[in-house]
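Down below is the structure, laid out as structure tokens.
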């Protein structure tokens, strides 16, 4: 037997770690550009590489948790996050930095997918609410990393800061090893045929594409906002990162509210409201000429991006409860295939035309999500899900 509360705590600690991982590169990107003398296109390729690593981790985690359970996956992936953070901190060259970024993406992707699938499995009947509560800890990590870097960057190098954060992340690993987790769903062996048939489900593919737009917009905001504020408003490194932390603060507070609201409000309605708020926030950033306008816009954009992942993944958890790990893995992997190019494209266009123009990718992605949401809800209600016996 396992304690649902203790398991949820373990998932939250893992998601807190992933939140830090997800914003690590964006927080230190100006310093990395300065240290290694790279241009925006090369910096964008680092963000692309990190997302590709998350894609690898997302592909691998599903069959592992369905076959062997969550404990072994979360412990090993969390340990690799620590190794990768230290490697980023002390990378002697761009080549070593790329390898470390790929590793932290893959390990973080496995932690992200594993914790989401774990909460979905242990929150039957209220999966969207449970995933929203879990997502709040992603926001705490995403707030904490930029805030920590901004607070310490004037006194310490980013190398020292990352090394210290990596040491702190040893604590979640110890906790994960100390508690019991749910038993594996497929201990007799992974149902390969059932996993393959998931790729034929049109609703799953549509949800994966939508989550791809969501994750691509998140990666673009997290990776490029600090650099955008430095160029657009002339903010120095620490102040630009402080403003970026408002994005994660908005996301965190909104997910805290969603954890309660989704028990009373239809998920699709809540998602529409948040997406509209995100469009308004992103357009405010693009039009901003003052720090106050930019800060308000990035905070509103955090609210706008808060609901997409937990609500859409809640639909996935409801449709594929018997092999939720694999279903989550297929969905996240498919979504990253779509979303991994958005931050790279932002850097490429930013180098050629400026970040103000390339940042239009964010509101365009959110507008597309508004249009696709009605289609997804309608098809989810009419198209039967592929079952494990198919």
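Residue numbers (the working numbering): 97 to 486. Here a beta-carbon is modelled for each residue, glycine too, at the ideal position from N, C-alpha and C.
- [ ] Determine the closest residue to residue 347 out of 392, 364, 247, 379, with distance taken between C-alpha atoms.
- [x] 392
TODO: Rounded to whole angstroms, what's the CA-CA distance from residue 304 to residue 224? Just pull it up for me.
DONE: 16 Å
TODO: Within its chain, find whatever has a CB closer than 8 Å to the CB of residue 368; leave out the 5 residues flanking it on each side and keep chain order.
DONE: 466, 469
Open item on the list: Just to confirm before moving on: does the CB-CB distance between residue 336 and residue 325 stay below 8 Å?
Closed with: yes
Task: For residue 454 and residue 439, the rounded distance between their alpha carbons - done: 10 Å
Open item on the list: If you reduce the DSSP assignment to three classes, tell me which class residue 275 lands in.
Closed with: coil
- [ ] Return helix, strand or coil for residue 424, following the three-state DSSP convention.
- [x] helix
Open item on the list: Helix, strand or coil, according to DSSP, for residue 249 in the structure here?
Closed with: coil
Open item on the list: For the region 264-284 against the region 166-181, do three or more pairs of beta-carbon atoms, one drawn from each stretch, fall closer than 8 Å, so that the two count as touching?
Closed with: yes
- [ ] Jot down the residue ranges of each uninterrupted alpha helix (DSSP H) in the region 102-186, minimum 4 residues, whole runs only, in chain order.
- [x] 136-164, 166-185
TODO: Starting from residue 395, follow the alpha helix (DSSP H) in both directions and report where the run begins and ends.
DONE: 387-400
- [ ] Return the CA-CA distance between residue 479 and residue 407, expressed in angstroms with no decimal places.
- [x] 19 Å
Open item on the list: Can you tell me whether residue 440 is helix, strand or coil according to DSSP?
Closed with: helix
Task: Nearest neighbour of residue 217, chosen from 419, 432, 425 [CA to CA] - done: 419
Task: Cβ distance (whole Å) where residue 456 is taken to contact residue 382 below 8 Å - done: 7 Å
Open item on the list: Between which residues of its own chain and residue 145 is the CB-CB distance below 8 Å, once the five residues before and five after are set aside?
Closed with: 194, 197, 198, 201
Open item on the list: Between which two residues does the alpha helix (DSSP H) holding residue 479 run?
Closed with: That residue, residue 479, is in no alpha helix (DSSP H); it is neither H nor E in DSSP.
Task: Segments of 4+ residues assigned as alpha helix (DSSP H) that fall wholly inside the region 204-253 - done: 223-248
Task: residue 115 classed as buried or exposed, judged by whether at least 16 other C-beta atoms fall within 10 angstroms - done: buried
Open item on the list: Spatial neighbours of residue 431 within its chain, please: C-beta separation below 6 Å, excluding the five flanking residues on both sides.
Closed with: 304, 307, 308, 311
TODO: Can you grab the Cα-Cα spacing for the pair residue 126 / residue 120, in whole Å?
DONE: 11 Å
Task: Length-filtered (4 minimum) alpha helix (DSSP H) runs lying within the region 329-362 - done: 333-357
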